[in-house]
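Using my numbering, the letters of the sequence shown correspond one by one to residues 82 to 269.
Built from N, CA and C at the ideal position, the CB exists for glycine as well.
This one's a predicted model, so the numbers in the text were calculated from it and none came from an experiment.
Note sheet for the following structure.
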Amino acid sequence: MNPWAKHLEENIGEVLFDEATIAKRVQEMAQQINADYQPLNIEELVVIGVLRGSVVFMSDLIRQLQLPLTIDFIAISSYAKGTRTSGTVRILKDISESITDKHVLIIEDIVDTGLTLQCLTDLLQARRPKSLRLCTLLDKPSRRMVDLTPDYRGFEIPDDFVVGYGLDYAGHYRQVPYIGVLKPEAYQ
Ligand code: PRP
Numbered sequence: 082m083n084p085w086a087k088h089l090e091e092n093i094g095e096v097l098f099d100e101a102t103i104a105k106r107v108q109e110m111a112q113q114i115n116a117d118y119q120p121l122n123i124e125e126l127v128v129i130g131v132l133r134g135s136v137v138f139m140s141d142l143i144r145q146l147q148l149p150l151t152i153d154f155i156a157i158s159s160y161a162k163g164t165r166t167s168g169t170v171r172i173l174k175d176i177s178e179s180i181t182d183k184h185v186l187i188i189e190d191i192v193d194t195g196l197t198l199q200c201l202t203d204l205l206q207a208r209r210p211k212s213l214r215l216c217t218l219l220d221k222p223s224r225r226m227v228d229l230t231p232d233y234r235g236f237e238i239p240d241d242f243v244v245g246y247g248l249d250y251a252g253h254y255r256q257v258p259y260i261g262v263l264k265p266e267a268y269q
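What follows is the structure in structure tokens.
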């Protein structure tokens with residue numbers, strides 16, 4: 082076994098979603114998005130990935146979208162997690178094109194407290210898109226601090242520390258092709 086495989090074996094406990102399960106769910110989500118937008122005959126859907134966790138999910142999802150679309154990315158600073166304040170986000174890298182009068186779909190890997198997405202939607206709504214929807218692969222509703230329901234969500238998960246398929250711990254594990262629970266001893 083190579084050192085990386087050994088590291089994963091030692092640090093990742095339960096596999097919540099394997100590659101096949103993720104692929105099937107992503108396909109179902111894409112079918113739903115296709116079914117919702119195709120009848121609208123839109124000129125362009127602007128798919129905005131929230132860096133960096135969304136990139137793996139987004140790259141798989143968009144390849145199944147049968148719609149005219151463009152992609153863009155936004156990077157925001159996280160507020161201090163765990164605080165009870167409403168939190169604000171700061172833009173580290175803004176999207177490259179205007180979204181005024183465009184249909185916009187925001188892509189996230191996970192919604193936890195919901196503070197990031199709430200701030201982000203407020204910020205993007207102020208630019209007057211024609212429509213704005215939220216799509217997340219994972220949802221942890223038990224942690225929610227604001228009233229926010231994604232329009233599309235792949236899986237509801239318990240309050241575990243999950244990594245893989247874009248999700249990180251200290252920047253690592255994003256390339257792991259499945260989603261697993263990081264053992265507490267790996268981060269405590
Ligand atoms: C994660 C995730 C969301 C946010 C969700 O990003 O991608 O943006 O946290 O948490 P919330 O619902 O409690 O606001 P993170 O700050 O870990 O950055 P990353 O995408 O680069 O991993």
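### Message
I need the boundaries of the alpha helix (DSSP H) containing L248, first residue and last residue.
### Response
The count along the sequence shown starts at 1 and reaches residue 248 at position 167. Run containing L248: none; DSSP gives neither H nor E here.
### Message
Less than 8 Å between the beta carbons of K211 and H184, yes or no?
### Response
Against the sequence shown, residue 211 aligns to sequence position 130. Against the sequence shown, residue 184 aligns to sequence position 103. Yes, the Cβ-Cβ distance between K211 and H184 is below 8 Å.
#### Entry: Beta-carbon gap between N115 and K264 smaller than 8 Å
Here residue 115 corresponds to residue number 34 of the sequence shown, with the count starting at 1. Here residue 264 corresponds to residue number 183 of the sequence shown, with the count starting at 1. Against a cut-off of 8 Å, the Cβ pair of K264 and N115 comes out as no contact.
#### Entry: Close beta carbons around Q113, own chain, < 7 Å, minus the five adjacent residues each side
The residue you call residue 113 lines up with position 32 of the sequence shown. Counting only Cβ-Cβ distances below 7 Å, and skipping sequence neighbours, we find Y233.
### Task
Pick helix, strand or coil for R171, following the three-state DSSP scheme.
Taking the sequence shown and counting its residues from 1, one reaches residue 171 at position 90. Secondary structure at R171: strand, using DSSP grouped into helix, strand and coil.
### Message
Which residues does DSSP list as the beta-bridge partners of A156?
### Response
One-based indexing of the sequence shown puts residue 156 at position 75. Its beta-bridge partners are L132 and K174.
### CB contact flag (I191, G134, <8 Å)
Residue numbering aside, residue 191 sits at position 110 when the sequence shown is read from its first letter. Residue numbering aside, residue 134 sits at position 53 when the sequence shown is read from its first letter. Yes. Within cutoff.
### Message
If the criterion is Cβ atoms closer than 8 Å, does the pair E125 and P149 meet it?
### Response
For this step, residue 125 is matched to residue 44 along the sequence shown. For this step, residue 149 is matched to residue 68 along the sequence shown. For E125 and P149, yes; Cβs fall inside 8 Å.
### Query
What does S140 pair with, by DSSP beta-bridge criteria?
Reading the sequence shown from its first residue, position 59 is the one you call residue 140. The partner list for S140 (beta bridge, DSSP) is empty, contrary to what the question assumes.
### Message
Taking only three categories from DSSP, how would you classify D240?
### Response
Position 159 of the sequence shown, counted from the start, is the residue given in the question as residue 240. Three-state DSSP puts D240 in coil, outside helix and strand.
### Query
Of the residues P84, L121, I187 and Y268, which one's Cα is nearest the Cα of A251?
Mapped onto the sequence shown, residue 251 falls at position 170. The residue with the shortest Cα to Cα distance from A251 is Y268.
### Task
Give the secondary structure of D203 by DSSP, where H, G and I count as helix, E and B as strand, and everything else as coil.
Position 122 of the sequence shown, counted from the start, is the residue given in the question as residue 203. D203 carries a helical assignment under DSSP once its states are collapsed to helix, strand and coil.
### Query
Got a sec? Which residues, its chain only, sit under 8 Å from I188 by beta carbon, not counting five neighbours each side?
Here the question's residue 188 lines up with position 107 in the sequence shown. Counting only Cβ-Cβ distances below 8 Å, and skipping sequence neighbours, we find V128, I129, G130, V131, S135, F138, M139, L142, C216 and T217.
### Message
For G163, count the other beta carbons within 10 Å of its own beta carbon; 16 or more makes it buried, fewer makes it exposed. Which is it?
### Response
Counting from 1 along the sequence shown, the entry for residue 163 is found at position 82. For G163, the predicted model reports a pLDDT of 46, less than 50, meaning its position is unreliable; a value from the coordinates is still stated below. Answer is exposed; the Cβ neighbour count stays below 16.
### Task
Let me know if A111 comes out buried or exposed under the rule of 16 or more other beta-carbons within 10 Å of its beta-carbon.
On the sequence shown, residue 111 is found 30 positions in, with the first residue counted as 1. Classification for A111: buried.
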